[in-house]
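This report refers to the structure that appears directly beneath it.
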Amino acid sequence: MRMGNIFHKETVFIALVLFLPGVKCVDSRNVSFKVENDKIIISKDATAGPFKLKSTVECATMCSGDASCCTASYDKITRQCLLSSFCNPETVNTYSGKYIQNHYKVAKDTCTVEYFIVIAENAVFIFTAKDTCTVEPAKPVDCADIATNCGSGIYDIYPSTTYPITVYCDMTGSNWTVIQRRVNDSVDFYKNWIDYKTGFGNLAGNFWLGNDNIHAIVNSRSYMIRFDLEDWTGIVRYAEYETFRIGDESDNYKLTLDDYDGDAGDITGDSGTGEIDGQQFSTADRDNANYVSLFGQTCADQNRGAWWYNECGLANLNGVYYNYPTNSFIFNAIYWQPFNGRESLKSVSMKIRVEDD
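In our numbering, the protein residues as written are 33 to 389.
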């Protein structure tokens, strides 16, 4: 795409939207600069610098990151960048100079052309009288690539898939990608294989992200998982596993879970008490646990949910949400057995992030 006819020959415009280091929010800001050839700011009118930089673009970028900067100049020979808070500083002619004016801080009538574009993260678009050069923007792979100061909320991420996955990012403490949450009974989790494959619920409330989506995320890097659990007396506990991944659908989303830490108790167990590591995912319409309960039911039917069941399991986070604490004789509640037996929990969540080095 050629844009040369937009600009007068005596000027070059640099239009950029900067995601400065550590800032990767969805929101962006437009910054436009007018660049004139063959002059630079004299040193007495410079308020910052000189900085040794590689290009006019880097100098303009530095100016955009300084709230007081109105103009800047770059010498192609010395590679020195000067910043100035003056919008009309004194300049001197030099064939190696580039004089940069911040479009937003200079009167509009000084610009013969106004043209604004949005450039994505870490990308700079440079328009000259001859051609245009673009850099494909980087995209967040998971919530770790979203800046913490952007706050918890809903974002699009791009793991190994070609399409975006919309997720809830929990930015408290670490940049966690939330894959499951239960806070009330507004969503029924007793669903079929396809529902758990694609995901369901409301990302701002109760949801399952979807096994295909979870696999796509954890298949791109090495991940850990955290379970946050709250009982009806207000006690909050957690369990973390340094290794977490699931296979794809052809492997029935087989679970790998290892290296426990926390105060909620370990649910990996052993082969005789419901070991979860290595188990395949089961739903009511697709049983992979190969176990019949005391009531003659599959685990998914007995527990009224879906999970990586083994002997119906030491946890049932996708079970029935009860609005009160149940006793251990209720088998289908949301429970974490090492924490509170089979008594129902008030809230639970599952969230993942890249494992610690």
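Just so it is clear, CB atoms sit at the ideal spot from N, CA and C, and this is done for glycine as well. Predicted, not measured: the structure shown is a model, and the values here were computed from it.
Nearest to arginine 214 by alpha-carbon distance, out of Tyr341, Asn348, Thr265 and Ser360, is Asn348. The alpha carbon of alanine 236 has as its nearest neighbour, out of Val199, Asp70 and Ser282, the alpha carbon of Val199. Taking all protein chains in view, the Cβ of proline 196 is surrounded by fewer than 16 other Cβ atoms within 10 Å, so the residue is classified as exposed.
For the 8 Å CB-CB criterion, isoleucine 308 and tryptophan 340 form a contact. Secondary structure of tryptophan 340 (DSSP, three-state): coil. Here DSSP, grouped into helix, strand and coil, assigns asparagine 245 to helix. Less than 8 Å separates the beta-carbon of phenylalanine 221 from that of glycine 337. Beta-bridge analysis with DSSP links leucine 349 to no other residue.
The C-beta separation of aspartate 107 from isoleucine 72 comes to about 6 Å, placing the pair in contact by the 8 Å criterion. Distance from the Cα of leucine 326 is smallest, within the candidate group Phe361, Ser314 and Gly297, for Phe361. Glutamine 112 is bridged by DSSP to Lys84 and Asp107. In this structure leucine 287 is in contact with glutamine 311, their Cβ atoms being roughly 5 Å apart against a cut-off of 8 Å.
Distance from the CA atom of methionine 256 to the CA atom of aspartate 388, rounded to whole angstroms, is 8 Å. By a beta-carbon distance limit of 8 Å, aspartate 295 contacts tyrosine 270. Their separation comes to about 7 Å.
Residue burial annotation: asparagine 364 is buried, with at least 16 other C-beta atoms found within 10 angstroms of its C-beta. The three-state reading of DSSP puts tryptophan 240 in strand, counting E and B together. The alpha carbon of threonine 315 has as its nearest neighbour, out of Gly328, Thr300 and Asn335, the alpha carbon of Asn335.
Per DSSP, reduced to three states, the secondary structure at isoleucine 178 is coil, with no helix or strand assignment.
A Cβ-Cβ separation of about 6 Å places asparagine 125 in contact with aspartate 70 under the 8 Å criterion.
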